[in-house]
Structure formats: C-alpha cells, structure tokens
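A short write-up of the structure that comes next.
4 protein chains.
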Amino acid sequence: MSTNHGTAPPRLGVGFVGSGFNAGFHMQAFRAVRDGDVRGVWSPDPARAAAAASRARSLDIGEAKPYASIGDLVADPGIDALWITGPNHRRVENIEEIVDALERGRGTLRGIACEKPLARTVAEAKRIVELVRRAGLSHGYLENQLFAPQVQAGHALTWSRGASKCGRPYLARAAEEHSGPHAPWFWRGELQGGGVLNDMMCHSALLVRHLLTQPGAPRSSVRPVRVTAHIASLKWTRPHYASLLAATYGQDVDYTRRPAEDFASLTIEFETDDGHRVIGEATTSWNFVGAGLRLSAELLGPEYSMSWNTLDSGLKVFFSRAVRADAGEDLVEKQNAEVGLMPVVADEAAVYGYENEDRHFVRAFLGKEAPRLTFDDGLEVVQLLMAAYQSAEEGRTLAFPPPGLDQFVPGVARGTWRGAAQ
Amino acid sequence: MSTNHGTAPPRLGVGFVGSGFNAGFHMQAFRAVRDGDVRGVWSPDPARAAAAASRARSLDIGEAKPYASIGDLVADPGIDALWITGPNHRRVENIEEIVDALERGRGTLRGIACEKPLARTVAEAKRIVELVRRAGLSHGYLENQLFAPQVQAGHALTWSRGASKCGRPYLARAAEEHSGPHAPWFWRGELQGGGVLNDMMCHSALLVRHLLTQPGAPRSSVRPVRVTAHIASLKWTRPHYASLLAATYGQDVDYTRRPAEDFASLTIEFETDDGHRVIGEATTSWNFVGAGLRLSAELLGPEYSMSWNTLDSGLKVFFSRAVRADAGEDLVEKQNAEVGLMPVVADEAAVYGYENEDRHFVRAFLGKEAPRLTFDDGLEVVQLLMAAYQSAEEGRTLAFPPPGLDQFVPGVARGTWRGAAQ
Amino acid sequence: MSTNHGTAPPRLGVGFVGSGFNAGFHMQAFRAVRDGDVRGVWSPDPARAAAAASRARSLDIGEAKPYASIGDLVADPGIDALWITGPNHRRVENIEEIVDALERGRGTLRGIACEKPLARTVAEAKRIVELVRRAGLSHGYLENQLFAPQVQAGHALTWSRGASKCGRPYLARAAEEHSGPHAPWFWRGELQGGGVLNDMMCHSALLVRHLLTQPGAPRSSVRPVRVTAHIASLKWTRPHYASLLAATYGQDVDYTRRPAEDFASLTIEFETDDGHRVIGEATTSWNFVGAGLRLSAELLGPEYSMSWNTLDSGLKVFFSRAVRADAGEDLVEKQNAEVGLMPVVADEAAVYGYENEDRHFVRAFLGKEAPRLTFDDGLEVVQLLMAAYQSAEEGRTLAFPPPGLDQFVPGVARGTWRGAAQ
Amino acid sequence: MSTNHGTAPPRLGVGFVGSGFNAGFHMQAFRAVRDGDVRGVWSPDPARAAAAASRARSLDIGEAKPYASIGDLVADPGIDALWITGPNHRRVENIEEIVDALERGRGTLRGIACEKPLARTVAEAKRIVELVRRAGLSHGYLENQLFAPQVQAGHALTWSRGASKCGRPYLARAAEEHSGPHAPWFWRGELQGGGVLNDMMCHSALLVRHLLTQPGAPRSSVRPVRVTAHIASLKWTRPHYASLLAATYGQDVDYTRRPAEDFASLTIEFETDDGHRVIGEATTSWNFVGAGLRLSAELLGPEYSMSWNTLDSGLKVFFSRAVRADAGEDLVEKQNAEVGLMPVVADEAAVYGYENEDRHFVRAFLGKEAPRLTFDDGLEVVQLLMAAYQSAEEGRTLAFPPPGLDQFVPGVARGTWRGAAQ
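In order, the protein sequence lines correspond to chains A, B, C and D. No gaps in the numbering here: position 150 of the first sequence is 150 in the numbering used here, and each next residue is one more. Just add 422 to the spot in the second sequence (first one is 1) and you have the numbering used here. Just add 844 to the spot in the third sequence (first one is 1) and you have the numbering used here. Just add 1266 to the spot in the fourth sequence (first one is 1) and you have the numbering used here.
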C-alpha cells in the first residue's frame, strides 16, 4: 500500500491496567477508534496480560505488549494514557502506583481513564481525585451508558423536540439488571465495596441525572437534594443459590453468612437551577432472570416521553425445543437461555456505548475535545451511592449530602449486613 | 501528544466519486474506520465537492480536498482506492474515466468500491467488470445490508445453532421499504434504469441468497434457478401524487406519462449444492408510509427462525399532539412523522452496515482481508434483477438465466411501461 | 336467585357437527356469547361426542347432549342452528345429511354456519351452496380472522383516519404460519383437498380482500382479476421429517411419495369499483418454526399503514435454561418451545376472533343482524384457492377466473404432485 | 326464533349506581356476559341515567331503565345486584342509601359490587364493610386488572412453569400511568381523597401482591410488613398546566393552591407464610405522556420472569404528518396523539379485564363461583394506600400497619399538601 502522504497526525498510545471482561469490551471497541492504539497491558497475572496483548494485536488495534508492572507501563514513552479496568479493591493502589511512577519522573503519561465506580467509598474517591490532580493528569470517567448511541439520540431528541417547546422533563428512570456478575470479587462486599448497588447503580444514578440535564448545560444545573434507597437480598441468600455461589466462586463467597444485596432501588430528588424539583428513579438487580443483561431508561416530560431497552432488539432468533443447545453468551451478555424466542444484541461494544466512549476519551486526551466526564463526576456518583446505602440502612429519606458521608462505609462492605430487606 | 513510536502502519487513502446522500453515510461511517482516510472528493458540481471535502475534514476522517476531475483524483498518489457513489446513469462513464486515467499512466490506484446497483443492465455490468479486470484493479461491491451488525449476527447464529444441527434453512425473506427516494434521477426510469425494483431489490435479492448460504461457503453453493416477479405502480401514478412528484422534482418526472414501478416482489428458487430447493422472497417499495425506512428479513429452517427489523428499535420517543413538530429526518431515514410514538434508529451508519462495510473494504484494499463482495457479485445481482423485470413483463416464472438476458432492457427504462400492475 | 322478570328473550340453540380442535375453540368462545346455548354435539365417534357435550356443560354454555346421528341433531326442536366443524372430506356429506333430514320434515333448523374452507373444490362448494339454498337455510361462513378484535379495529381505523382523507389502500398482506396441523387428515392431500394452501390460505386470501374493502361496502367492490401463486414442500419432504410424519400420523401420511405443499404464496390483483388496481399478498406455511401460530397482516395506503401480529403480544414470559420444561401448548397455539423469552397469547378464542364471530352468527341467526359472511363468500374463496393452485401448477399469472375452474382439482389432491417447488 | 326448551336458567338482574366513564366500560363488557342483564341505572343526573339505560338497551345487554333514586333501584325485584361505579366522595352515602332501603324491607338485593377504591380512608372503608355485613349482602370488589386475560395467563404460567420448580417469585412490579383523568372530581383531593396514589395505586398495590401470591393460596399468605412511598406533583403544578386544569375543569381545580400529587411510587415488603421476604413495587402517574394509558407489570423469580405491557400491542397504525388528524380516543384510552406510529388497544373492555371481571361477579352472585375479591380486600387496599401517604409525608419506611392508620387522612385530602416532592 502507498505510504502516507504528508505528516501523519498524532495517535494516542493506550495502556490497559487490567485484562478482564471489561477490558475485552474496550478492546472490541477500539476497532472503531481511528486515532488511538492499544500498546500495552498490565495484569497482576502475567499470563493474562500476555493473552490480552495478543488479543489486541489480533484485533489489529495496536502493537500491544504485556508489561511486568504498572510502573513499566507508565515508563514507556509510547504510552500516553491509561485505561483502568481492574477490580474495585485495587483502584486506589493502581492509581497510587501510577502517580508514584510519574513522580519518580518516569514516562510521559498525559491522561487516565477509569472504569466505574471510581472507588468504594467517598474517602477512597477523594484520595483518587487528589492523586490525579497532584500529578497533573487529565482524567476521564468511563461511564459507557452515557455514550450508548440510543441514549445519546434519545437524550438529544427529547430535549430538542420536547423540552425546548414544552418545558424540561420531570422524571427519569434507569435500570441495569442481570442475573449476576462473572468474577468472584464482585460477589464479596468487603472487596467490591457493596453488592449490586455499588456495582451497577453507579450507571443508573448518573444516567437519570444526565437525562434530566439539558444537553450542554453543566451537571450542576440538576443537583441531588434528597435520596431514598432500598436494598435487599432476594435470590442469592436462598439456600440453593447460596450453595451454587460457593460451588462456583469458592468458599469465600458465603451468602449464608456474608451476603451482599442483589437488589437496590433509589429515588433521587433533584433541584434544577430554574427552580424545579425533578425525580430520578434507578433500579439495579443481580436477580433478574430474563434473556440477559437489560439496560433500560425512560425520560418523561410534559408532552413527551422516551424509552430505551436494549433487549427490545430488532434481531430475534428462535430455536425450538428440538434443538440441542449449548449454553453460551453469543446472543447477549449474561444470557440465560438458548432456546425459545430470544433477542440478540449484535455488536454489544457499540450498543452499550464503549465505541463512542473510547473514541471520545482518545480524542479528549489528544486535546481534540473536552472530556465529558471526569473523576469529579465519578466522585459525585460515589457520594450518591454512599448516601443511598445510608438511606437504606436507616429506612428513611436523607437530605443530600447527609452528614458523615466522607467516613461512611456500607454495612455490606463491613460485613455486618445480614440480608434482610431494607 | 507524544509522537508515534516505531513506523506507522500503512493507511488507505480514499477518494469519493460522488457527494450525495449515500456519500454522506460513508463519511459518517469512516469515523469508525481505523486505517483509512478520506482524502479527496469529486463531484460534477465543484461546490458540492468542496462541501463534501469540508465535511470530511470536520468529521476528522482525513485531509480531504475537492478535485476538479476524476482524472485528477486518480492521479493523486495519496489516493489508493475510490468509492463510487454517484447516480446509476453515470456508472459506466465514471469507471471508464478512472480506467482511462490509469491506462494513461496516472496515479497509483489499487482498488475501487462501487455502490449498488453495479449497473442498469447486464450489458453495462459486463462492461464494468471487463474494465476493472483490464485495469487490474481490486474491486469491492458495496452492499451494506450484508454488513449490518444484526444481519451478521443473525446469519451466524442461525447457522451455528440451527442449521448445523437440524439442516439448512429453506426460506429467506428480505424487504426494503420506504416512501420514496430523495433525488430526481431515482424517479426517472430512463436514467435510473427502472423503478424501485432496480433501485432497492439489489439489496434484498442478494440478502436472501446470502442468508441461505452457509457462512464461509461460496455464493455459488446456492444457485438461482427460477424467478418470478411482480411490479406495479400503486401510489405515485395517482393524480395527486403524480402532481406532487412533478412539483417537487420537476416536469421531467412525469408519472402520468412515464411512470416507474413503486412496488416489486420477487420469488427466487435456488438449488443448493447438496441438492435442496430453497426459496428467497424479496420485496421492495417506494410506497410504504410507516415511521421511515424499514429493512427487514427472516430466515426459516426446520427447527429455527430469525427475524430482523430495523424499526423494532430499542429506542422510542413520543410527542403528543400538543407539540409543534418540524418535519425532519432526525429520528430515522425517510421519516414520515414527528408526533406519536416513533422508533428512533440511532447511529444509522452503523445499523445499516456502513461502518462494518467500509472497515472491511479498507482492510481488503490494504491486503489484510479478502474482499467479501466483488463486482462479480454485483453482476449476478443485475442478472437477477433483469430476469425479474422480464418475468414481470411476461407474467410468468422464468428459468434462470432466461435467454436474451444480456440484451434485456426493462420497459420501465425504455419508457414503454404504463404502470399497470404486472 | 330471583326469577327472570317479564318474558325471557329468545335464545339460539346451537348444535355442533364435529368435536375436534376447532370445536373446542368455539366452545371456549361461547362463554362470551349472551344469547346462544350449545345444546348438542354429533361426532362420528360417540365417545368424542359425549366428551365434547360434557365439556360444554362444564363450561356452562348450555345443556349440551351427544347425538347419535346428524339427523337426530337436526330433528331436535331445541336446535336452531348448526356449527359445522368437521374435516374437509366430510363437508358435502355432512350438509347432505342435514338437508336430507330437513327435507324429510325433521326439526326446525334455521341456519347453518360452516368452518373454512367451505369445500375442497369449486364443484363441491357449488354443491353446498345449492343444498343450503334449496333448504332455505340461513348460512354463515366461519372465517374467524375477520372477527379478530385487532383486525376489526385496524381495518376501521385505517379507513376512517387514513383512506377517507388520503385515498384507498393499495396493498394488503396477510400470513398464517405455524409448524403444522395436529390431525392426520390435514396432511393427506386426497382427504384435505391440498396442503397448506387449501388449509390456511382461505384465511389470508379473504383477509387481504376484506382489508382492501371499505367498511360497509360490498365485497364485490374489490374484485380479483389476476392471480399468481407458488407452492413448495420445503420441510416435510426432507427424509427426517417425512419419517417423523409417518411415525406420528401413520403410514397413510407418506411424504416421500405423496407430499402436500407446506408453503404457499399468493399475489392477487384486484380491480376496485372506482377504477384502481390494488394488490393482496397472502402467505401460508406449515414450516414456520417460531414461538407458535403467527397471524399477521399489513394494510398500506398513501399516507398510512397498519400492522398486526399475534405474536407481538403484551405478555411475555421467560424461563431460563435451568428450568425443566414440559412440552405443552399453554403459551400459544402450536407452541414450539417452553424456555427462553416467549410471547403468550392469552385468551386465544377472543384474540383469534372466535368470540366476536360466534356472537355475530348467533345474533344473525336470531335475526338481529345481517350475516357478514355467507356461503357465497366461502365459494369465492374456494374459487381463488383453486385458481392459485392452477397458477402454481402452470408457473404463470392467470386472469381470474381462469377457464376450467369448476372442474379443477389440484395435483396435490389428485396425488400427482411430487413436491418440487412450483 | 324457537322458544327455549326446558326451564331457562336463572339470570342476574344488575343495576348500576353511576353512569360515567367506568360504567361505560362495564356495559361494553356485559356484551360478553352470558347470564346477567343490565336492568337499571341510577345517576344523580336523570338525563345521564336515561342515556346510560338507553345505551345498555342498544348494546342489547338488558332491558335497562333509569331510576329516580337508589331506593327505587333497590326496590325493583328484578334487580338482584348493584354495580357501584360513582365517584369516591359518594361511596359511603350510596351504600348507606342501599342498606337503608334494604333495612326498610325493600327489594330482593343479594349482592353488591363496588369499584376501586372502596373508600377514601380506612374509617370510610370500615364503615362500608360494616354496612354490607349488617345487611347480609354478598360483596365483590371490582379490581379489573386482576381479571385482565394477560395478567391471569402470566400469573398462572409463571407459577406453574417457574415457581413450582425453582421457588416462589421475589419481586413484582406494577404501574398504571396516563396523562390524567377525565372528570373534575378526580383532580380535587378533598373529594377524591387524594391524587394519583389514591386514584390508581389501588390497582397496582393489589396487583403486585396478587402476582406474588400462589394461585389458589389465600391473600394472607403474602402479608405487607413495611411500606415506603413517595408522592410528588411534577407536571400539573407548573403554571401552564395549572391554568389548563382550571380552564378545563373549573376554578375549583386550583393546582396553584390545592394541588394533588400526580406521581406516586410505593415499595411494599411482604412476609410470606413460608418465611420469605419479597418485594412489590408500584408506580402510578397522571403525568405520563405516551400513546395513552399504560398498564404494566413484571414478576421475577429465581429462573424466570414475566412482563406485561398493554401498549405492546399486536396492532399498530401509522399516519404520516400529511394526515389531518382529529383528536380522539379511538386508538387507546387517554390517547395523546393521532399521528406517527401508534399502538392500538382493540377491545379495551376485554384487555383491561372488565369482561372477565363482570362474568365472574355475575356468576358469583348467582352462587356459581366464590367471589375472588370482596370488600375485605378493598379495605386492605385502603389500609395500604393510607400507610403509603403516611410514609410519604414522614419521609420514612413504616412498619405496616402503622399506628393511627384508622384515623389517618392524607394531607392532600385535607388540603394541606403544597406539592413539594415527598
């Protein structure tokens, strides 16, 4: 093929901290990113780092290599930005290691993007914000759902065709529901920081606020003022399912003694800068047994509404009871059946927002766009989640932010929660 | 930003012949193509060429410039491949001009991708195939629907989970329906080559055959043997609508005297290399007044089925009768209303297959993948379409290929068709 | 409970000829009929007659008794009307027996309602019409789909809100598709009169014409003028499935030697009394393996469209791969799976139109309404079906009615058809 | 037509107290009731009583006459049961009048069926229960949603195919949402007893409990133990909409000074008799602007789920922006648009459960079935609703039943609520 004519424009060299399920989604997504290359992967397990780097090369998204340490990854001058995708309980440690390397003068890192949730407690989140600020790094908060094409289109259309003519929306709903996560640490409150509320309501709590915010307006134009939450363990503390968890993920996942919530609901009342009270309702579940992962949202206003549901897919397959079907995850993430009428989510990395998200943050770290979500947003989400746990524990609505939020650690994380509905 | 480390991999320089609606979709799609840049645009109208080049630059998909002639575009050594997106009646002339430039020693062109249909008659299509073969060009046939993510997933799943266990599918259906094209030449049989059958059944006729073909098997494993078609003018010859056409597109679009069909249906019987007879049904319409463009397909086999419908979207908006709504095309291509419950097709360039298609052909012309569709496929499609017109004109099923196909020109193109249902 | 005050209004006493699957639907439906009682059942099998009568009593739809002969049923003065629901090959014989009884002076029968198709050939249908006319009976043709609530509403709305303002519709589509009938005689061309075309296109062929006809206008305002059809055996002649048929229904169902078509498509061109050509497309299949029976239709006009699909149900259930599921038919008629995401058709007797149909014909025979469908409609349907078989056999479009229609017997019925696609 | 043979079975003579929107649904439904006749109507407005009686006669559901007083209606020996469908603030008075007439020895009334909610406060509900008990009347509580065919089927299938094998469901959701009621009294808290919570959560609160209860088991097997609710006025206190209300319904509907809530959410925790904690979530809204009335529900358990949505209808119509559309309610109850893609709910009286409901209660009062819902159920619903208001006012979760429930009157009813979100 012909050589490039003129000077090639700069490209962002990206390193991955983590090599799990989520990193896989990002790698898939980088196939649709024009100006970023995956050049490195670090994982505590060198074999997994090597496998992930190999996968990146076979996807032709960059000449990725495995690295022996986060420090080495940071030190490589070809790495301009990091994507943090590891488990929650390594978040602070990962970022400390990055900042430590930088402060020892290694590397030329400019930016850091971090998966949700930013941290497990407000204290951790504040520590992380302080670290990146001290290091002078650009930062991006990886909340994919805000970048989902259908969310972007629905948000834009509702405001342009509805709110601009009839007044702002007053109610947003968002839910993320599936039948439970894949890796053991998610199930352990002391590692993950909680149960499904901590794991997934970070998505939905931010999504409702985003939908209620006028495109282009600052997020602060819609401020949380009151918070009410419920948590419960509805499925996984039942003896059969508690046994199943232990058998699958090991004895450390013991839901007879140390359960985490598998259901959470949250009502947030917001004040808007033009004096309205509006409401966001968020729901998350690890006990939803439907076709697979279901992301859904609604936005309602005076003469309009919007609804989004990833399982209302334009593609459906049907297999009869005569088909011998192997269990798999080829129809949809967290798929629960292979027979019957099943929706298919084709191209999940696009549909769930990863393509748009990674394209945006690559461009943001290249200086072509302002980052749409930063660690400050991630911190606010943690504050909301902790207030939600606090509300659920106290059985009442709390003004936001409630006192003591900075020190708060959920009972589920402390191991004191016993699974009764709250 | 840091400079690239090592040698940058080669990138494909792409030039556009044409700057209309379809070119716009491709440009949108190049935002998700890693290793191709749009570097030039030619249009017979210099202002439109300049505008399209400017749009490419603002999309940040390449340093696109307008060119004064196809010859100049070919001559630029930064142009490695061309995307032909102009009107049907310029197809042969465009490609002659390209090949002429090459034969005069200009440029370093390697490949050429051409929009559907490849040509208006079998004679034209054979001429085009001969030209690119003579010039030694790689060629790609741009049939986006085969690259639509939901089509790819549905095809793969149906075969892997269904056909592999219970036998091959026996019936495929595909339809493309909307309320009529945007530019005047589409409506004129003598320019376009026909009506909706020529314009859109190229999609559906190939899609049914593709769905019936085992992934990885050659298209020749499923051979058309009998063809039955109907055409009719159902809406646009009604006086009110004929007037509307003339008022919108000028007096040359005169459906009282020279109509083209706005409805076509086609049944193809195929023989498979393992001895089965299977059926493809294709339908196209310019008189479908629903939310907007509807692409749909089904694939049916002994214990399974698949269905696809682009208007069964996971995103819906609703606006009440109290909303003053401006007509637009922001919800879906060829949108017919702005009020009521409306599906939204977010990210149409991805959903309709343009992103995957352009990514594939860029990689194909870079030598990284074998082209999945070539001009030979485009020729076969034209052969099917001409046999379809012949069947409709004769009111009977034809063995395929029927005699005289190479010389056949549809009555609609010759101006002799008078619009009665056939 | 209090006695009735005043004179009780007359009620229609109904007798059933036949006690199979279809009779079951009608009995279910009579639960919603105010002024008709099921008082008798005849079946060639006395045990089945007794069981059906017992079922009617347990449904509390009348004091039904089994009868030893059709003559006895007719003779009972409490029987005012008969519902003929037996197999196609007994139709003429059943009606001859009824008329014979009447002509011998027995009973006080006023009306007779007959299930679709009215007969297997035009000759048979004409014989039936002649018999009921001679006997002076009121007659009703039981085409349930025209009475389906969603069809009634869709038809009414499309015309009142669309056609009345923008012109009549020009295209109607209807399909009835499932995975094959339940009783052996359906599968045997020589008994049933054909395959799926005869069995089910009677529904769809009439439905498209009905949809294209203005509410209140005579059916003759939309006259069939050209007919094109295809038939094929796509699934059940495959060796595995032919064996399955023989194993299930006995050696008389031998699809290796005497197949019937399991797929049929039909295009009807109509002339309207205001000078338009409009099109009806009908499709039927015994090889559709989806959730279960799928009834669907579309009606398209200049600024509007309507779509109906019984499987797009507002009720869906999901069962995971962990559920041990017994095969059944409790979700939907002709259900093919019990696991996965499945639509449920609740209250099928209402949804498919039986309730409205039976209510209407009871009222018609009571003299409260004019019958909306008579045996004359049934005869016209048979004429269309026979023309369709003729077109498929000849591989060409036929002007309707074609010569020789009165004597025509399909090759499938004669046992000469060998299953190649036509 | 022939006379009845033998003795005609007894029929239930039904009188209507009330002649509004809801009475219209019941009359529509009686067309599908075999053994009950509408024989009388009383309304405070004699003209409306006459019109409703005339409508009943034209529907051929009985020889209905208007009555000058409730006493006269009760006194008619042809009236065996009353259907109470009037406004909430006349409930106690209506029933007192009935019982008074009976106690004065008039009439032969056996049963009384009453629309939801049974009353506006616990005190009123207890008074009503006491009255009917004293009078020795059979009583039926008219909660149509439990009789909706899709709810019945979904409930049955989920338990038979899911819960029986994998354990009982743990989460039920139900919502009733539309854009606001039709008559002035609904909007006035002091008359209606509250806002949307009182008006519509009676449906959803009972529905979630019903879904969580094993078919056949007593409702007491699933006992409410904790209640959390929110109420808010999101739309109708906005100045434009408050003016609209006053303009439409008169100055007594003044939402600037005396608003009622237009949004309510409720979480109920239940204890089951086998020791589980399960959750019901109910949502109601007068500010949902979608196609029209939306009834929806979900039921989730360990390996299964069910979803119901009345707007996911199998019938859809589309009208383009070129159609001049008159506002109407012919597509769906509380319809908000006539253009665009709109779902149609055909046969609403059946779909919403009225047909099954009326058939059941007629049979119950005839002694053929035990009533599935009585005033005791109605009382429990009122207790839950009042606890919900109390929870919303206090901003906390309440153990159920909370102290003081018998005396509780919501602030919205007392006129002290000012519309801030709670």
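Ideal Cβ positions, reconstructed from N, Cα and C, are used throughout, including at glycine.
| Query | Result |
| --- | --- |
| Ala451 (chain B) versus Ala172 (chain A): straight-line alpha-carbon distance, rounded | 31 Å |
| Exposure label - Phe1585 (chain D); buried when at least 16 CB within 10 Å | buried |
| Residues bridged to Gly955 (chain C) [DSSP beta-bridge criterion] | C:Ala925, C:Ser982 |
| Interface flag, Pro1447 (chain D) vs chain C, CB-CB below 9 Å | no |
| C-alpha gap between Leu619 (chain B) and Ile653 (chain B), whole angstroms | 8 Å |
| For Leu1532 (chain D): DSSP bridge partner residues | D:Ala1495, D:Ala1548 |
| 7 Å CB neighbourhood of Val1167 (chain C) in its chain, flanking five on each side removed | Val1183 |
| Own chain residues within Cβ distance below 7 Å of Leu1209 (chain C), not counting five before or after | Correcting the residue identity first, residue 1209 (chain C) is Phe in this sequence and not Leu. Only Leu856, Asp924, Ala925, Arg954, Gly955, Ser982 meet the Cβ criterion. |
| Buried versus exposed call for Pro1332 (chain D) [16 or more other C-beta atoms within 10 Å across all chains shown] | buried |
| Coarse secondary structure for Trp308 (chain A), derived from DSSP in three states | strand |
| Helix, strand or coil at Gly584 (chain B) according to DSSP, with G and I counted as helix | helix |
| Short-range partners of chain C found in the region 1406-1423 of chain D, where Cβ spacing is below 9 Å | Ala1414, Pro1415, Gln1416, Val1417, Gln1418, Ala1419, Gly1420, Ala1422, Leu1423 |
| Sheet register partners of Leu593 (chain B) (DSSP bridge) | B:Ile701, B:Leu722 |
| Candidates D:Ala1341, D:Leu1397, D:Ser1426, D:Ser1324, of which the one nearest Gly1172 (chain C) by Cα | D:Ser1426 |
| Euclidean distance between Cα positions of Ala843 (chain B) and Ala682 (chain B) | Only weak support is given to the placement of Ala843 (chain B): the predicted model assigns it a pLDDT of 48, under 50, and the question is left unresolved by the model. |
| Short CB-CB distance (under 9 Å) between Ala1265 (chain C) and chain B | Annotation note: pLDDT 48 at Ala1265 (chain C) (below 50); position unreliable, coordinate value reported separately. Taking Cβ atoms only, chain B reaches closer than 9 Å to Ala1265 (chain C), which makes this a yes. |
| Interface residues of chain A facing His1355 (chain D) [CB-CB closer than 8 Å] | Residues of chain A passing the Cβ test: none, with the nearest at roughly 29 Å. |
| Amino acids of chain B, ordered along the chain, whose beta-carbon sits closer than 8 Å to that of Ser438 (chain A) | Past the boundaries of the shown model lies residue 438 (chain A); chain A is included only from 1 to 422, so the question cannot be answered. |
| Short CB-CB distance (under 9 Å) between Lys1501 (chain D) and chain A | yes |
| C-beta contact flag for Glu599 (chain B) and Arg645 (chain B) at 9 Å | no |
| Selection of the region 1084-1100 of chain C by Cβ proximity to chain B, strictly under 8 Å | His1084, Tyr1085 |
| Cross-chain neighbours of Gly1556 (chain D) in chain B, by beta carbon under 8 Å | Phe740, Leu763 |
| Proximal chain A residues relative to Arg1165 (chain C), where beta-carbon distance stays under 7 Å | Ala327, Asn336, Ala337, Glu338 |
| Short CB-CB distance (under 9 Å) between Thr213 (chain A) and chain B | no |
| Listed by chain order, chain B residues near His1022 (chain C) by CB distance under 8 Å | Simply none; closest approach about 12 Å. |
| First and last residue of the uninterrupted alpha helix (DSSP H) at Trp607 (chain B) | 606-609 |
| Rounded straight-line distance, which links the Cα of Phe1291 (chain D) to that of Met1313 (chain C) | Because chain C spans 845 through 1266 in this model, residue 1313 (chain C) falls outside it and cannot be assessed. |
| Contact check, Lys960 (chain C) vs Gly1222 (chain C), beta carbons under 9 Å | yes |
| Coarse secondary structure for Ala101 (chain A), derived from DSSP in three states | helix |
| Expected contact under 8 Å - CB spacing of Gly841 (chain B) and Ser655 (chain B) to nearest Å | 4 Å |
| Beta-carbon proximity of Val1071 (chain C) to Phe1252 (chain C), cut-off 9 Å | no |
| Of the residues A:Glu96, A:Arg321, A:Asp252, the one placed nearest Val129 (chain A), counting alpha carbons only | A:Glu96 |
| Check whether Val345 (chain A) and Glu143 (chain A) have beta carbons under 9 Å apart | no |
| For Tyr1333 (chain D): DSSP bridge partner residues | D:Trp1308 |
| 3 or more residues per run - each beta strand (DSSP E) lying fully within the region 1039-1109 of chain C | 1066-1076 |
| Rounded C-alpha distance that separates Gly40 (chain A) from Pro77 (chain A) | 11 Å |
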